[in-house]
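Heads up: the structure comes next, in structure tokens.
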């Protein structure tokens, strides 16, 4: 019952900072579930809000991307847990999140817009950041990640995907157009899968070294080798 009240307060109801502090996690198990619901809620709400306010879709998806970047460590902890979490836990998480989203979708358009403005106003300002909103959740998740670290390949994948997503968002900001985080994430995952399957760890490390020095990587032999394979990600419907 406590978790149900906590999630309802954190996800769907306007509450004061003092009330949020009282509803912070009291255990690692609560922190894992609360953190997971936070990520699912932002993930679902960016599409709900973009459908209600389509003229603000790029901004909303951009705010969600920035939120993921600022909550990177918490996300990695949840990702680590989710890899081995029982299906019953995943189903309960999804069911709870869906109840909240269904409740919001049942509101009038004006009420949905008001909630979207409230939620993504907090996302933009940083008030919705996990460490700021529920510091106990953040601390428990940090300890969980220390005790259950991701594999080097998982870290490499998440870093690759995050860098790819930010690159596309920055391109949209510079050149104009629409930013759709779902489509960009799908493309970036395709690029990673293709790269990981067709290069060695040393070759990818070399690419990263070039990128850190802001040197072009196109001339590297392994990049030229996989370029035709990467192109399939753009022509298979994955391109944003």
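In the working numbering, the protein residues as written are 6 to 245.
Using N, Cα and C, we set each Cβ at its ideal position, and we do this for glycine too.
- From which residue to which residue does the alpha helix (DSSP H) around residue 126 run? 114 to 130
- Between the region 174 to 191 and the region 144 to 164, do at least 3 Cβ pairs fall closer than 8 Å? no
- Message: Please confirm whether residue 36 has its beta-carbon closer than 8 Å to some beta-carbon of chain B.
- Response: Considering every chain present, this structure includes no chain B. It has just one protein chain.
- Query: What first and last residue would you give for the alpha helix (DSSP H) that runs through residue 43?
  - Reply: 33 to 57
- Message: If you reduce the DSSP assignment to three classes, tell me which class residue 153 lands in.
- Response: coil
- Query: How do the region 198 to 206 and the region 170 to 180 stand: do at least 3 beta-carbon pairs fall below 8 Å, yes or no?
  - Reply: no
- Would the region 44 to 55 and the region 87 to 97 be scored as touching if the rule is three or more Cβ pairs under 8 Å? no
- Going along the chain, which residues of its own chain have a beta-carbon closer than 6 Å to the beta-carbon of residue 29, five neighbours each way excluded? 139, 141
- Message: Beta-carbon within less than 6 Å of residue 231's beta-carbon, same chain only, minus the 5 sequence neighbours each way: which residues are those?
- Response: 203
- Message: So for residue 90, helix, strand or coil by DSSP?
- Response: coil
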